[in-house]
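Engineer: The sequence shown begins at 3 in our numbering and counts up one residue at a time. Sharing a structure with you now.
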Amino acid sequence: MADRYDVLVPRPQANGKTYFMKLGVMFRSKDGGDKFSIKLDALPLPNEKGEIWLMASVPLERNTDNNRAVAGSQRPSNKTVSQEIDDSIPF
Numbered sequence: 003m004a005d006r007y008d009v010l011v012p013r014p015q016a017n018g019k020t021y022f023m024k025l026g027v028m029f030r031s032k033d034g035g036d037k038f039s040i041k042l043d044a045l046p047l048p049n050e051k052g053e054i055w056l057m058a059s060v061p062l063e064r065n066t067d068n069n070r071a072v073a074g075s076q077r078p079s080n081k082t083v084s085q086e087i088d089d090s091i092p093f
């Protein structure tokens, strides 16, 4: 089991694919056991049903050349994800 996870929120795209936006990190508490701490850098928005779904995933390996996620990540295979995750704000 990993000690650190990325906290992600799925966002559907117009092309039918799902984009996972990183909101923060989750890590094992210092006292160990099955306790985890979550640090959010942004607040998630609810979906059309008013629900907020968060997902914890093993962090992607980063390419040091341009600090983008490397393809072939360990994201769940039941979701369609673009080859790269862009953590920048689009405006």
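Quick reminder that beta carbons are idealized off the backbone N, C-alpha and C, glycines included.
When the cut-off is 8 Å and only beta carbons count, does G34 lie next to chain B?
Structural biologist: No chain B is part of this structure, which consists of one protein chain only.
Engineer: I believe W55 touches V11 by the beta-carbon criterion, under 8 Å. Please report the beta-carbon distance rounded to the nearest angstrom.
Structural biologist: Taking the sequence shown and counting its residues from 1, the one referred to as residue 55 is at position 53. Taking the sequence shown and counting its residues from 1, the one referred to as residue 11 is at position 9. That pair is a contact at about 7 Å.
Engineer: So the candidates are P14, G18, M23, G34; which of them puts its Cα closest to the Cα of A4?
Structural biologist: Position 2 of the sequence shown, counted from the start, is the residue given in the question as residue 4. Out of P14, G18, M23, G34, G34 has the C-alpha closest to the C-alpha of A4.
Engineer: Let me check understanding here. Comparing Cα to Cα, which of V27, A58, A16 lies closest to D43?
Structural biologist: Within the sequence shown, residue 43 is the residue found at index 41, counting from 1. Of the listed residues, the one whose Cα sits closest to D43 is V27.
Engineer: Between the Cα of R13 and those of F38, R6, Y21, spot the shortest distance and give me the residue it belongs to.
Structural biologist: Counting from one through the sequence shown, the residue named residue 13 turns up at place 11. R13 has its Cα closest to that of Y21, out of F38, R6, Y21.
Engineer: Run through the DSSP bridge pairs and tell me what L42 is partnered with.
Structural biologist: As a first step, residue 42 must be located in the sequence shown, where it is residue number 40. Its beta-bridge partners are G26.
Engineer: Can you tell me which of the three DSSP states P48 falls into?
Structural biologist: Translated into the one-based positions of the sequence shown, residue 48 becomes position 46. Three-state DSSP puts P48 in coil, outside helix and strand.
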